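Data block below; observations after.
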Amino acid sequence: MTTPQILFYAFAALAVASALGMLLNLRNAVAAAMSLVVTMVSLAGIYVLLEAHLVAAIQIMVYAGAIVVLFLFVVMLLNLRADEFSPGRQWLTKGAALLVVTASGAHLVRLLSADLPEPGPPPPGFGGYAQLGVSLFTDYVLLVEMASLVLLAAIVGAVILAKRKID
Amino acid sequence: MVPIAHVIGLSALLFMIGVAGVATRRNLIVVLMSIELMLNAANLAFVGFNRMWAGVGAAHRFDGQVFVLMVVTVAAAEVAVGLGIVIAMFRNRDSVNLEDVSLLKW
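Protein chains in written order, with numbering that gives the first Met the number 0: chain W, 0 to 166; chain Y, 0 to 105.
Below you can see the structure in the form of structure tokens.
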């Protein structure tokens with residue numbers, strides 16, 4: 000087993016463990032958000048191992064640096080009581096949902112982990128900002144413009160929703 | 000070399016953890032976090048398949064990574080609006096429990 004493989008399995012175990020930590024943490028939303036940060040950072044490590052360096056940097060900056068911080072802001076702003084994190088009464092429904100999810104998840108993992116071809120060595124400059132930027136501003140320039148519109152709509156929507164009084 | 004099949008398996012596993020979170024948790028903030036986890040699982044599949052096909056064809060070698068960037072954009076927009084809704088709901092209902100907003104539920 001080579002060093003990238005060892006690193007991959009270490010990052011994968013860390014990602015799954017911290018995602019489960021987020022799912023099973025019933026008391027503290029701040030701890031759940033911190034588990035999410037660990038998941039994001041280990042996914043960024045896996046992106047580096049897959050030669051997607053720009054995506055890894057953006058993953059850390061946007062997810063760990065912006066999105067989870069936004070979650071933390073809201074959790075601390077709302078000053079939630081602890082009892083809102085306790086599990087609800089409908090344990091039968093939830094147990095059934097968990098059973099279905101586990102069964103279909105096991106099936107999906109088995110299905111998708113079939114024989115995939117081993118990747119060859121990446122072409123020079125793969126995953127760097129130069130070729131990705133050229134691709135973004137030539138082939139996908141319409142997509143970039145649409146993304147800017149989506150972000151503008153989200154900014155306006157968030158301001159309107161979080162305003163105290165709409166006049 | 001990282002085995003792509005295991006990358007895709009990890010992606011499916013993380014997606015299922017996210018689905019379990021949406022299905023079982025009733026805290027709106029944790030449900031939003033689970034949705035983020037599902038988007039990340041899709042991103043991981045995109046990057047893995049992009050790596051698998053790298054160097055096979057000459058043109059469009061970065062499609063998977065470009066889509067990851069788009070998914071990250073949409074995730075940021077979604078979380079901004081979603082947390083705005085959380086704040087509005089907490090202001091009106093004094094709670095972020097999904098059981099308390101059941102008006103549109105059957």
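Beta carbons are placed, not taken as given, at the ideal position from N, Cα and C, and that holds for glycine.
In this text, all values refer to a predicted model and were calculated from it rather than measured experimentally.
Is the beta carbon of residue 70 (chain Y) closer than 8 Å to that of residue 38 (chain Y)? When the beta-carbon positions are compared, residue 38 (chain Y) and residue 70 (chain Y) come within less than 8 Å of each other.
Residue-level contact to chain W via CB, residue 28 (chain Y), 8 Å cutoff: Contact with chain W is found for residue 28 (chain Y), since one of that chain's Cβ atoms lies less than 8 Å from the residue's Cβ.
Contact criterion: CB-CB distance below 8 Å. Does residue 134 (chain W) meet it with respect to chain Y? Interface criterion met: the Cβ of residue 134 (chain W) is under 8 Å from a Cβ in chain Y.
Is there at least one non-hydrogen atom of the ligand MN closer than 7 Å to the beta-carbon of residue 7 (chain Y)? In the structure on display, the ligand MN does not appear, and there are no ligands present to speak of.
Inter-residue Cα distance where the pair is residue 147 (chain W) and residue 45 (chain Y): Taking the straight line from one Cα to the other gives about 22 Å.
For the alpha helix (DSSP H) that contains residue 58 (chain W), what are its first and last residues? From DSSP, residue 58 (chain W) is part of no alpha helix (DSSP H); its letter is neither H nor E.
Residues of the segment 40–51 of chain W with a CB closer than 8 Å to any CB of chain Y: list them in chain order, please. Cβ contacts with chain Y come from 42, 45, 46, 48, 49, 50 and 51.
Let me confirm a value: residue 118 (chain W) is counted as buried when at least 16 other C-beta atoms fall within 10 Å, else exposed. Which label applies? The residue in question, residue 118 (chain W), is buried, as its Cβ has 16 or more Cβ neighbours within 10 Å.
Should the segment 14–23 of chain W be regarded as contacting the segment 100–111 of chain W, the criterion being three or more beta carbon pairs within less than 8 Å? Of all C-beta pairs linking the segment 14–23 of chain W to the segment 100–111 of chain W, fewer than three are shorter than 8 Å, placing the two stretches out of contact.
Under the three-state DSSP convention, the category residue 26 (chain Y) falls into: Of the three classes helix, strand and coil, the one that applies to residue 26 (chain Y) here is strand, per DSSP.
By Cβ distance, which residues of its chain are closer than 8 Å to residue 2 (chain W), with the 5 residues on each side in sequence left out? Once the five neighbours on either side are set aside, residue 2 (chain W) has no close Cβ partner at all.
Using 8 Å as the cut-off, can you tell me whether the segment 11–22 of chain Y makes contact with the segment 61–76 of chain Y, which would need three or more C-beta pairs spanning the two stretches below that distance? No, they do not touch.
Under a three-way DSSP split, which group does residue 42 (chain Y) fall into? Here residue 42 (chain Y) sits in helix by DSSP.
Euclidean distance between Cα positions of residue 72 (chain Y) and residue 3 (chain Y): Roughly 25 Å between the two C-alpha positions.
Determine the closest residue to residue 52 (chain W) out of W:8, W:28, W:131 and W:163, with distance taken between C-alpha atoms. When C-alpha distances from residue 52 (chain W) are compared across W:8, W:28, W:131 and W:163, the shortest belongs to W:131.
With DSSP as the reference, identify every bridge partner of residue 96 (chain Y), one or two as the case may be. When DSSP reads this structure, residue 96 (chain Y) sits in a beta bridge with Y:26.
Relative to the C-alpha of residue 1 (chain Y), which residue among W:125, W:116 and W:75 is closest? Selected option, being the one with the closest Cα: W:116.
What distance in whole Å lies between the Cβ atoms of residue 121 (chain W) and residue 53 (chain Y), which are believed to be in contact at a cut-off of 8 Å? Indeed they touch by this definition, with Cβ atoms about 5 Å apart.
Given a threshold of 16 other Cβ atoms within 10 Å of its Cβ, counted over all protein chains shown, does residue 61 (chain Y) qualify as buried or as exposed? It is buried - the Cβ of residue 61 (chain Y) has at least 16 other Cβ atoms within 10 Å.
Thinking residue 66 (chain W) and residue 43 (chain W) are a contact (beta carbons under 8 Å), I'd like their distance in whole angstroms, please. Incorrect: roughly 13 Å between the Cβ atoms, too far for contact.
The alpha helix (DSSP H) that contains residue 134 (chain W), what's its start and end? Element bounds for residue 134 (chain W): 128–137.
Would residue 91 (chain Y) pass as an interface residue toward chain W - the criterion being a Cβ-Cβ separation below 8 Å? Interface criterion not met: the Cβ of residue 91 (chain Y) is under 8 Å from no Cβ in chain W.
Spatially closest choice to residue 92 (chain W) from Y:8, Y:24, Y:7 and Y:103, by CA coordinates: Considering only Y:8, Y:24, Y:7 and Y:103, the residue with the shortest C-alpha distance to residue 92 (chain W) is Y:24.
For residue 128 (chain W), is the classification buried or exposed, using 16 other Cβ atoms within 10 angstroms of its Cβ as the cut-off for buried? Residue 128 (chain W) comes out exposed.
Of all the CB atoms in chain W, is at least one closer than 8 Å to the CB of residue 37 (chain Y)? Cβ-Cβ to chain W under 8 Å: no for residue 37 (chain Y).
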